[in-house]
Amino acid sequence: MNIAMVALAGYLLMSVHTFLAARVMGELRLSYLAMGPTELRLFLILLTIAMMAIEPGGDRIWTIPALDALVGFIGAALICLFIVQTLLVARTLARVDSNADR
């Protein structure tokens with residue numbers, strides 16, 4: 118459950134970033150890393166089916182079940198993507214602000 122919460126936090130962070138960027142910059146961007154919401158939902162459907170097909174306690178990476186490791190990796194990637202995108206938007210807004218002062 119903890120790993121799923123990390124993935125959910127990453128998804129929510131990216132949602133908040135998208136909504137704020139749409140409001141502040143007037144740009145609604147739905148796709149990041151060549152993956153949009155539809156592709157993400159299809160991936161999650163396939164992941165759910167895989168979880169039902171694989172027996173509990175099956176494949177493991179160190180001590181973590183393989184599917185949990187995959188979900189954790191996706192969550193960490195979304196959080197990293199949020200940080201990078203937020204820094205890029207902040208730099209763009211700072212550049213626009215400094216040009217407006219001139």
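All residue numbers for the sequence shown refer to this note's numbering, where the first residue is 118 and numbers rise by one. C-beta atoms are modelled at their ideal positions from N, C-alpha and C, and glycine is treated no differently.
Note down the Cα distance separating residue i from residue j, rounded to an integer number of angstroms.
i: V188; j: E156; result: 15 Å
i: L204; j: M118; result: 29 Å
i: T135; j: A170; result: 34 Å
i: I181; j: L210; result: 41 Å
i: M152; j: R146; result: 11 Å
i: D214; j: I200; result: 21 Å
i: E144; j: R158; result: 22 Å
Given a cut-off of 8 Å on the beta-carbon distance, is the pair residue i and residue j in contact?
i: I196; j: L130; result: yes
i: M142; j: V206; result: yes
i: G192; j: A138; result: no
With a 10 Å radius around its C-beta and 16 neighbouring C-beta atoms as the bar for buried, classify residue i as buried or exposed.
i: A124; result: buried
i: F160; result: exposed
i: I120; result: buried
Just to confirm the assignment, what range does the alpha helix (DSSP H) spanning residue i have?
i: L128; result: A quick correction: the sequence has Tyr, not Leu, at residue 128. It spans N119 to M142 - the alpha helix (DSSP H) in which Y128 sits, taken as one unbroken run.
i: M169; result: P154 to A170
Out of the options, which has the shortest C-alpha to C-alpha gap to residue i?
i: L163; options: L198, Y128, R140 and L184; result: L184
i: M148; options: I166, R140, Y128 and A217; result: In the sequence as displayed, the identity of residue 148 is Ser instead of Met. The residue with the shortest Cα to Cα distance from S148 is Y128.
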